[in-house]
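Here the structure is laid out as structure tokens; the discussion comes afterwards.
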Amino acid sequence: MIIEVCGPGCPRCQATEKNVLQALKELGMELGDDAMVIEIKDIKQISARGVIMTPAVVIDGVFIVGIIGALLPQEWIETWLGGAGLRQSFLATLIGAVTYFATMTEAPFVDTLMNLGMGKGPALALLLTGPGISLPNWLAIARVFGVKKAL
Numbered sequence: 001m002i003i004e005v006c007g008p009g010c011p012r013c014q015a016t017e018k019n020v021l022q023a024l025k026e027l028g029m030e031l032g033d034d035a036m037v038i039e040i041k042d043i044k045q046i047s048a049r050g051v052i053m054t055p056a057v058v059i060d061g062v063f064i065v066g067i068i069g070a071l072l073p074q075e076w077i078e079t080w081l082g083g084a085g086l087r088q089s090f091l092a093t094l095i096g097a098v099t100y101f102a103t104m105t106e107a108p109f110v111d112t113l114m115n116l117g118m119g120k121g122p123a124l125a126l127l128l129t130g131p132g133i134s135l136p137n138w139l140a141i142a143r144v145f146g147v148k149k150a151l
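With the working numbering applied, the sequence shown covers 1 to 151.
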């Protein structure tokens, strides 16, 4: 597992890295064997990972998607996101609006949900909503440009 701590090296970034190392220790994971912790300070590399605010922790997206796929019951996905109805697409839109996924993790996440029974309509709604109107993106834009311009 590759864990990246993104930030300019400020005290909060250092505290975040310390927390990551402590979490690995408590999970019984060894650095080098089980996990690598990498510090990313270059702003271009940070933004390429879809990080808007620092400090941030980026864990290999496919790993997280695998965990989510294993934890979500297939019956739940089929009930709430299966088919192509308005309710399913609306729920997928809400999920996309309140969550943030970097581009490289959104597609595997939706693929995992589709393998668990998500319909094509809700999948498309989630893929379109995520980058377009997600709350975390809106908050970052509002913080930089002001609420009026963000609306």
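Every residue gets a Cβ at the ideal spot worked out from N, C-alpha and C, and that includes glycine.
This one's a predicted model, so the numbers in the text were calculated from it and none came from an experiment.
Practice task
Starting from the Cα of isoleucine 59, find the closest Cα among Lys44, Met36 and Glu75 and give me that residue.
Solution key: Position 59 of the sequence shown, counting from 1, holds the residue named residue 59. With distances taken between Cα atoms, isoleucine 59 lies closest to Met36.
Exercise for the section: For leucine 86, verify whether its CB is less than 6 Å away from any heavy atom of the ligand ATP. Expected result: Summarising the ligand content, the structure contains no ligands, and the ligand ATP is consequently not present.
Handout entry: Selected residue, minimal CA-CA separation from glycine 9, among Ile46, Asp34 and Asp33
Key = The residue you call residue 9 lines up with position 9 of the sequence shown. Per the Cα distances, Ile46.
Handout entry: Nearest neighbour of valine 110, chosen from Cys13, Ala92 and Ile43 [CA to CA]
Key = Numbered from its first residue, the sequence shown carries residue 110 at position 110. The candidate whose alpha carbon is nearest that of valine 110 is Ala92.
Exercise for the section: Starting from the N-terminal side, write out each stretch of the beta strand (DSSP E) that is 3 residues or longer and does not extend beyond the region 13-100. Expected result: Uninterrupted beta strand (DSSP E) stretches at least 3 residues long and entirely within the region 13-100 occur at 36-40 and 56-59, given in chain order.
Handout entry: Beta-bridge pairing of isoleucine 2 - partner residues as DSSP gives them
Key = As a working note, residue 2 is residue 2 in the sequence shown. Listed as beta-bridge partners of isoleucine 2 by DSSP are Met36.
Handout entry: Close-in-space but distant-in-sequence residues of the same chain around valine 98 (CB under 6 Å, 5 per side omitted)
Key = Against the sequence shown, residue 98 aligns to sequence position 98. Around valine 98: Leu135.
Problem - Per-residue DSSP class, three states only, for glycine 146 - result: To locate residue 146, count along the sequence shown from 1; it is residue 146. The answer is coil: DSSP assigns glycine 146 none of H, G, I, E or B.
Problem - Counted within 10 angstroms of its Cβ, other Cβ atoms place proline 11 as buried (16 or more) or exposed - result: The residue labelled residue 11 in the question sits at position 11 within the sequence shown. Exposed, by the Cβ-count rule.
Problem - Whole-angstrom distance between threonine 129 and leucine 81, CA atom to CA atom - result: If you number the sequence shown from 1, residue 81 lands on position 81. If you number the sequence shown from 1, residue 129 lands on position 129. The alpha-carbon atoms of leucine 81 and threonine 129 are separated by roughly 15 Å.
Exercise for the section: Return the CA-CA distance between lysine 18 and leucine 86, expressed in angstroms with no decimal places. Expected result: Numbered from 1 along the sequence shown, position 18 holds the residue referred to as residue 18. Numbered from 1 along the sequence shown, position 86 holds the residue referred to as residue 86. About 45 Å.
Practice task
For glutamine 22, count neighbouring Cβ atoms within 10 angstroms of its own Cβ and tell me buried if that reaches 16, exposed if not.
Solution key: Taking the sequence shown and counting its residues from 1, one reaches residue 22 at position 22. Label assigned to glutamine 22: exposed.
Practice task
Throw me the rounded Cβ distance for the glycine 96 and leucine 126 pair, which I believe falls under 8 Å.
Solution key: Residue numbering aside, residue 96 sits at position 96 when the sequence shown is read from its first letter. Residue numbering aside, residue 126 sits at position 126 when the sequence shown is read from its first letter. Their Cβ separation, rounded to whole angstroms, is 5 Å, which keeps glycine 96 and leucine 126 in contact under 8 Å.
Practice task
Within its chain, find whatever has a CB closer than 8 Å to the CB of isoleucine 141; leave out the 5 residues flanking it on each side and keep chain order.
Solution key: Along the sequence shown, read from residue 1 onward, the residue named residue 141 stands at position 141. So the list reads Lys149 and Ala150, once near-sequence residues are dropped.
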